[in-house]
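Asker:
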Amino acid sequence: MEIIKVNELLSAAWLAAILPILVASIPWRFSFLYGPILSVAKRGKTLRSSNSQKFTIPQRFFLHFYVVGVVWTTFLLAMTWFYGYAYHKMVPVGSDSLHFSTVANHLTGGSHMHKSQTSVGEHGYRVWRSVFLLMLMEIQVLRRLYESIYVFNYSPSARMHICGYLTGVVFYTAAPLSLCSVCAPEVFNFAIHHVAEFIDKGWDKMLIRGPISEIDWLIYVQPLTALEWLQWIGAAIFIWGWIHQRRCHAILGSLRKQKEQSDKYVIPYGDWFRFVSSPHYLAEIVIYGGLVFASGGSDLTIWLLFGFVVANLTFAAAETHKWYIEKFTKYPTERCAIIPFVY
Ligand SMILES: NC(=O)c1ccc[n+]([C@@H]2O[C@H](COP(=O)([O-])OP(=O)(O)OC[C@H]3O[C@@H](n4cnc5c(N)ncnc54)[C@H](OP(=O)(O)O)[C@@H]3O)[C@@H](O)[C@H]2O)c1
Numbered sequence: 032m033e034i035i036k037v038n039e040l041l042s043a044a045w046l047a048a049i050l051p052i053l054v055a056s057i058p059w060r061f062s063f064l065y066g067p068i069l070s071v072a073k074r075g076k077t078l079r080s081s082n083s084q085k086f087t088i089p090q091r092f093f094l095h096f097y098v099v100g101v102v103w104t105t106f107l108l109a110m111t112w113f114y115g116y117a118y119h120k121m122v123p124v125g126s127d128s129l130h131f132s133t134v135a136n137h138l139t140g141g142s143h144m145h146k147s148q149t150s151v152g153e154h155g156y157r158v159w160r161s162v163f164l165l166m167l168m169e170i171q172v173l174r175r176l177y178e179s180i181y182v183f184n185y186s187p188s189a190r191m192h193i194c195g196y197l198t199g200v201v202f203y204t205a206a207p208l209s210l211c212s213v214c215a216p217e218v219f220n221f222a223i224h225h226v227a228e229f230i231d232k233g234w235d236k237m238l239i240r241g242p243i244s245e246i247d248w249l250i251y252v253q254p255l256t257a258l259e260w261l262q263w264i265g266a267a268i269f270i271w272g273w274i275h276q277r278r279c280h281a282i283l284g285s286l287r288k289q290k291e292q293s294d295k296y297v298i299p300y301g302d303w304f305r306f307v308s309s310p311h312y313l314a315e316i317v318i319y320g321g322l323v324f325a326s327g328g329s330d331l332t333i334w335l336l337f338g339f340v341v342a343n344l345t346f347a348a349a350e351t352h353k354w355y356i357e358k359f360t361k362y363p364t365e366r367c368a369i370i371p372f373v374y
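Read in order, the letters of the sequence shown correspond to residues 32 to 374 in my numbering.
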């Protein structure tokens, strides 16, 4: 599995998902895609007012996205971290003239065939940057899992389209993979190689072996401290969006105080609701913007992942804004749909 192919495949998938949403968003709304995309994007309150509820499932199944997200991100994070550790241990100081494929081939039992002029140091840095991005993603999916269970009060009649559901499951598989796609093939080969080695030789004779007490724990975290300022600014942007999304979700979750009100919709106030109708979508865009920043901005796959989040949530926010204006005669006129003072 060549690195270039995983990147290309993911980029093509994000592009294929973005384009129909963009076409459907053309302002004149006579685009043939508008209807189908809208029926997939509608959920909860916006779907309730539509005529057809065919092919829909409960909106509380949103929970499944975060179960998939947590399991998959944890797996990728653990594997990439172990790989980064093994890589870091193998690379001697001053070996920057080596090509990373030499090291990768050794760690994956020769199964890593990628030919590249990237130096070992540069590639090692990319591996640790992927670990950092996956850590941020883990923080996000863990909070979303918690909120889906304890904060949101999904009404029993709130539904979403089955295609919207499948899109969510695919999203939480493809998004973490996109964050580490620069090293995903070698990480998988590394994992397979070590499972095979473990089955064949047992723990004692393995390449990465030894009692827990012999493991140099500092090597597990030390490369993270060597990341550049772009990663830390990206993390700060991510945390800013994360905090506001948590607050906006808490506001939405508190709108229905009693069980009998579980079908009731009211106008939310507070935090970024002062500016826009869907501040939790805006916060999600800020979160993924932070990830783009932290990635260094040189990875097209991560840009396209961000593009999908922006296109998807802007489309959904426009429908939500329209719904609020139609439903509440006294809806705050200064509120925009998703971008404060602009849209
Ligand atoms: N990364 C992505 O591409 C992506 C895609 C989709 C969602 N998300 C994220 O997932 C999160 C949840 O999205 P969502 O579309 O499920 O949000 P949502 O439709 O706003 O619903 C969230 C919860 O708040 C309730 N709610 C919303 N407006 C309400 C109102 N006016 N009065 C009373 N209750 C209200 C909903 O109830 P009902 O169930 O009754 O409607 C639901 O329980 C968001 O932060 C979003 O950014 C991300």
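C-beta: ideal position from N, C-alpha, C; glycine also. On a predicted model such as this, the values are computed, not experimentally measured, just so you know.
Throw me the rounded Cβ distance for the residue 41 and residue 285 pair, which I believe falls under 8 Å.
Answerer: Actually they are not in contact, since the Cβ atoms of residue 41 and residue 285 sit about 37 Å apart, beyond 8 Å.
Asker: If we ignore side chains and look at the alpha-carbon of each, how far apart do residue 85 and residue 186 end up?
Answerer: If you take the alpha carbons of residue 85 and residue 186, they lie about 18 Å apart.
Asker: Residues around ligand 1, please: the condition is that the C-beta lies closer than 6 Å to some non-hydrogen atom of it.
Answerer: Selection output, chain order preserved: 74, 75, 76, 90, 93, 183, 184, 185, 186, 189, 202, 276, 283, 286, 287, 296, 297, 299, 311, 312, 315, 340, 343 and 344.
Asker: Label residue 315 either buried or exposed according to how many other C-beta atoms from any shown protein chain fall within 10 Å of its C-beta, with 16 as the threshold for buried.
Answerer: When all chains shown are included, residue 315 counts as buried.
Asker: CB-CB under 6 Å to residue 49, same chain, minus the five flanking residues each way: which ones, in chain order?
Answerer: 338, 339 and 342.
Asker: For residue 205 and residue 357, I'd like the C-alpha separation in whole angstroms.
Answerer: Residue 205 and residue 357: Cα-Cα distance of roughly 36 Å.
Asker: Give the DSSP bridge partners of residue 191, in chain order.
Answerer: For residue 191, which the question treats as bridged, DSSP gives the partners 74 and 88.
Asker: Could you check which residue in 324, 67 and 38 has the C-alpha nearest to that of residue 51?
Answerer: Of the listed residues, the one whose Cα sits closest to residue 51 is 67.
Asker: Within the continuous alpha helix (DSSP H) that includes residue 279, where are the two ends?
Answerer: Taken as a continuous stretch (DSSP letters only), the alpha helix (DSSP H) holding residue 279 covers 260-285.
Asker: Just to confirm before moving on: does the CB-CB distance between residue 162 and residue 105 stay below 7 Å?
Answerer: It is not a contact, given that the beta carbons lie outside the stated cut-off.
Asker: Please specify which runs of the beta strand (DSSP E), each continuous and at least 3 residues long, are wholly inside the region 315-342, giving them in chain order.
Answerer: Here no run is fully enclosed.
Asker: Taking residue 218 as part of the alpha helix (DSSP H), name the residues at either end of that continuous run.
Answerer: 215-232 is the span of the alpha helix (DSSP H), which, as asked, contains residue 218.
Asker: For residue 125, collect the residues of the same chain with a Cβ closer than 7 Å to its Cβ; drop the 5 residues on either side in sequence, then sort them by chain order.
Answerer: In this prediction, residue 125 scores a pLDDT of 49, lower than 50, which makes its location untrustworthy; no coordinate-derived value is stated.
Asker: Does DSSP put residue 124 in a helix, a strand or coil?
Answerer: The predicted position of residue 124 is uncertain, since its pLDDT is 44 and thus under 50; no value can be drawn from it.
Asker: As a quick exercise: from 282, 306 and 312, pick the residue whose alpha carbon is nearest that of residue 299.
Answerer: Out of 282, 306 and 312, 282 has the C-alpha closest to the C-alpha of residue 299.
Asker: Nearest to residue 193 by CA position, among 318, 287 and 78, is which residue?
Answerer: Of the candidates 318, 287 and 78, the one whose C-alpha sits nearest the C-alpha of residue 193 is 78.
Asker: Among 76, 57, 269 and 304, which has the Cα closest to the Cα of residue 167?
Answerer: For the residues 76, 57, 269 and 304, the minimum Cα distance to residue 167 belongs to 269.
Asker: Can you tell me whether DSSP reads residue 297 as helix, strand or coil?
Answerer: Residue state, collapsed to three classes: coil.
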